[in-house]
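**Student:** Shown below is the structure under consideration.
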Amino acid sequence: MNEIILLTVSGDDRPGVTSAITGILARYHINILDIGQAVIHNTLSLGVLIQVPTELESSPLLRDLLFKAHEMKMQVRFEPVEGEAYEHWVEGQGKSRHIITLLARQIRAEHIARVTSIAADHGLNIDNISRLSGRISLQQETCPKTRACVEFSVRGMPADAAALREEFLKAASDLDVDIAFQRDDIYRRNRRLVVFDMDSTLIEAEVIDELAKEAGVGDQVVAITESAMRGEIDFDESFRRRVALLKGLDASVLEQIAERLPLTEGAAELVAHLKAMGFKTAILSGGFTYFGRFLQDKLGFDYVYANELDIQDGKVTGEVTGQIVNGERKAQLLKEIAEREGVRLEQTIAVGDGANDLPMLSIAGLGIAFRAKPLVRQSAKQAISTLGLDGILYLIGFRDRDSDTLV
1045 MNEIILLTVS GDDRPGVTSA ITGILARYHI NILDIGQAVI HNTLSLGVLI QVPTELESSP
1105 LLRDLLFKAH EMKMQVRFEP VEGEAYEHWV EGQGKSRHII TLLARQIRAE HIARVTSIAA
1165 DHGLNIDNIS RLSGRISLQQ ETCPKTRACV EFSVRGMPAD AAALREEFLK AASDLDVDIA
1225 FQRDDIYRRN RRLVVFDMDS TLIEAEVIDE LAKEAGVGDQ VVAITESAMR GEIDFDESFR
1285 RRVALLKGLD ASVLEQIAER LPLTEGAAEL VAHLKAMGFK TAILSGGFTY FGRFLQDKLG
1345 FDYVYANELD IQDGKVTGEV TGQIVNGERK AQLLKEIAER EGVRLEQTIA VGDGANDLPM
1405 LSIAGLGIAF RAKPLVRQSA KQAISTLGLD GILYLIGFRD RDSDTLV
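Now the structure itself:
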């Protein structure tokens, strides 16, 4: 009968601790059933689950481990594990696993407490906690653009996934943080295509509003937009009415507006990292192709689909050519690009802020409502409101230190 022992070593981190401990185990031909190690602020915690054959139970194995730990000024603890308890642990490996991602400008204890309390209430057991964001200097703490992210790997299946999501949404709103909950499967680790809305997502502006101001019809366009938001007219009709008001606008204005469009925080960094990692990227916009192409040239998107503003004799005609890119069209374009690239929909990410983005957010493997209105946040699978667009990298497991390997 083999004895199972959980060996725990802790103390000041230094090179060679794991080597020294496992070296002793190797001399006694010990089987290792599990091993894990973590370092927090130069303090090491090493856990090794070992199987000790009966003939070695009276050997000096534990004594040698104690002496070596003392020599290295480390604390060591031995805990016997019953065979039944071990088998129960083994059976648990087949349970569903999920990833909870907590994002904020600065993470506080109340954030961790609220997230872990909700997880526990829904029967989720935390297996691992990792910090994905970089270390923050005390001098940087007050910087408004700091980012912090902690990832929880949890085991179990919530009995009521909808209720869990509601609680996470409320916690995120109460605490001014973002909380994502994803199934930890092969698709989460193998996303290959990311598509973006443009206006109020990649850029901090609505292009049609900027054009309307130049045309002197800003108030009229806003009135139509508000009517559409109240559900009085659909997107296609509201879009045609707004574009019609631009008739006669000098086409030279488009370049002036494009040059002054503010990129959303983290947009350039996100696209650069995605490109470096081999992702395909696309703009699927209910705005205009001219501005999508401008961003494509600036940031390097692979695809751009938007509405073609008709221009004749240097003037806007007040019409668009071709099919209007509405919500349904965005979803269809996502499917077409994924098929063209040989990518499953489960491997895609869609990002947008408006109701007309919901169709593509709903079919993507990871749909993210970015700085969206409450209704869109409520309907999307995930939401980011506190950080910039580059916060999306955390949802695919990217660590800040990974940036060094992409330079």
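For the sequence shown, position 78 (counting from the first letter as 1) is numbered 1122 according to the numbering used here, and the numbering increases by one without interruption. Note that CB positions come from ideal geometry on N, CA and C, so glycine has one too.
By Cβ distance, which residues of its chain are closer than 6 Å to residue 1387, with the 5 residues on each side in sequence left out?
**Tutor:** Hits under 6 Å: 1236, 1237.
**Student:** Between residue 1055 and residue 1139, is the Cβ-Cβ spacing less than 7 Å?
**Tutor:** In this structure, residue 1139 does not lie closer than 7 Å to residue 1055 by Cβ.
**Student:** Can you name, in chain order, every residue of its own chain whose Cβ lies under 8 Å from the Cβ of residue 1117, other than the five neighbours on each side?
**Tutor:** Closer than 8 Å at the Cβ level, and outside the excluded window around residue 1117, lie 1055, 1056.
**Student:** Who are residue 1227's beta bridge partners in DSSP?
**Tutor:** In DSSP, residue 1227 forms a bridge with 1142.
**Student:** In whole angstroms, what separates the C-alpha of residue 1077 from that of residue 1113?
**Tutor:** For residue 1077 and residue 1113, the distance between alpha carbons rounds to 21 Å.
**Student:** State the beta-bridge partners of residue 1120 as determined by DSSP.
**Tutor:** Its beta-bridge partners are 1053.
**Student:** Buried or exposed: which applies to residue 1182, given that a residue is buried once 16 or more other Cβ atoms fall within 10 Å of its Cβ?
**Tutor:** It is exposed - the Cβ of residue 1182 has fewer than 16 other Cβ atoms within 10 Å.
**Student:** By Cβ distance below 7 Å, which residues in the same chain neighbour residue 1151 in space, the five residues on each side in sequence not counted?
**Tutor:** Only 1192, 1194 meet the Cβ criterion.
**Student:** Whole angstroms is fine: what's the gap from residue 1246's alpha carbon to residue 1433's?
**Tutor:** If you take the alpha carbons of residue 1246 and residue 1433, they lie about 8 Å apart.
**Student:** Only counting runs of 4 or more residues, tell me where the alpha helix (DSSP H) segments fall wholly within the stretch 1343 to 1410, in order along the chain.
**Tutor:** Counting whole runs of 4 or more residues, the stretch 1343 to 1410 contains the alpha helix (DSSP H) stretches 1371 to 1385, 1402 to 1407.
**Student:** For residue 1104 and residue 1073, what's the separation of their Cα atoms in angstroms?
**Tutor:** If I take the Cα positions, the gap works out to 13 Å.
**Student:** Can you tell me the Cβ-Cβ gap for residue 1398 and residue 1241, rounded? I've got them flagged as a contact below 8 Å.
**Tutor:** Between residue 1241 and residue 1398 the Cβ distance is about 7 Å, and since that is below 8 Å, they are a contact.
**Student:** Could you give the uninterrupted runs of the beta strand (DSSP E) lying entirely in the stretch 1165 to 1211, keeping only those of 3 residues or more?
**Tutor:** Complete beta strand (DSSP E) runs here, min 3: 1169 to 1175, 1192 to 1199.
**Student:** Rounded to whole angstroms, what is the Cα-Cα separation between residue 1171 and residue 1093?
**Tutor:** In a straight line, the C-alpha of residue 1171 is about 15 Å away from that of residue 1093.
**Student:** Give the list of continuous alpha helix (DSSP H) stretches no shorter than 4 residues that lie fully inside the stretch 1275 to 1320.
**Tutor:** Counting only runs of 4 or more, we get 1279 to 1288, 1296 to 1304, 1311 to 1320.
**Student:** Hey, how far is the Cα of residue 1389 from the Cα of residue 1382?
**Tutor:** C-alpha separation (whole angstroms): 7 Å.
**Student:** Per the DSSP calculation, residue 1089 is bridged to which residue(s)?
**Tutor:** Note: residue 1089 sits in a beta bridge opposite 1054, 1082.
**Student:** Measure the CB-CB distance between residue 1222 and residue 1216 and report whether it falls below 7 Å.
**Tutor:** The answer is yes: Cβ separation under 7 Å.
**Student:** So, for residue 1317: in the same chain, excluding its five sequence neighbours on each side, which residues have a beta-carbon less than 8 Å away from its beta-carbon?
**Tutor:** Within the same chain, residue 1317 has close Cβ partners 1434, 1437, 1442, 1447, 1450.
**Student:** Just checking my contact of residue 1425 with residue 1405 at CB under 8 Å: how many whole Å lie between their CB atoms?
**Tutor:** Going by Cβ atoms, the distance from residue 1425 to residue 1405 rounds to 7 Å, so yes, they are a contact pair.
**Student:** Near residue 1110, what residues of its chain come up, given a Cβ to Cβ distance below 8 Å and the 5 sequence neighbours on each side ignored?
**Tutor:** Same-chain partners within the cutoff: 1120.
**Student:** Could you tell me the distance, in whole angstroms, from the CA atom of residue 1423 to the CA atom of residue 1281?
**Tutor:** C-alpha separation (whole angstroms): 24 Å.
**Student:** Taking three-plus beta-carbon pairs below 8 Å as touching, is the stretch 1345 to 1355 in contact with the stretch 1323 to 1337?
**Tutor:** A contact exists between the stretch 1345 to 1355 and the stretch 1323 to 1337.
**Student:** Checking 7 Å against the spacing of the C-beta atoms, do residue 1444 and residue 1262 come in under that value?
**Tutor:** No, Cβ-Cβ distance for residue 1444 and residue 1262 is not below 7 Å.
**Student:** What's the C-alpha gap between residue 1391 and residue 1284?
**Tutor:** Their Cα atoms are separated by approximately 34 Å.
**Student:** Can you tell me the Cβ-Cβ gap for residue 1259 and residue 1298, rounded? I've got them flagged as a contact below 8 Å.
**Tutor:** The pair is not a contact, with the Cβ atoms about 12 Å apart (cut-off 8 Å).
**Student:** Just how far apart, CA to CA, sit residue 1314 and residue 1268?
**Tutor:** Rounded to whole angstroms, residue 1314 to residue 1268 spans 33 Å at the Cα level.
**Student:** Identify, in the order they occur along the chain, each residue of the same chain with its Cβ nearer than 7 Å to the Cβ of residue 1250, setting aside the five sequence neighbours on each side.
**Tutor:** Excluding sequence neighbours, residue 1250 sits near 1243, 1244.
**Student:** Under the three-state reduction of DSSP, which class applies to residue 1249: helix, strand or coil?
**Tutor:** Residue state, collapsed to three classes: coil.
**Student:** How about residue 1211 and residue 1162: are their beta carbons less than 7 Å apart?
**Tutor:** Cβ atoms of residue 1211 and residue 1162: closer than 7 Å.
**Student:** Find the nearest neighbour of residue 1418 within the set 1408, 1307, 1402, judged by alpha-carbon distance.
**Tutor:** For the residues 1408, 1307, 1402, the minimum Cα distance to residue 1418 belongs to 1402.
**Student:** State the DSSP-derived secondary structure class of residue 1217, mapped to helix, strand or coil.
**Tutor:** Helix.
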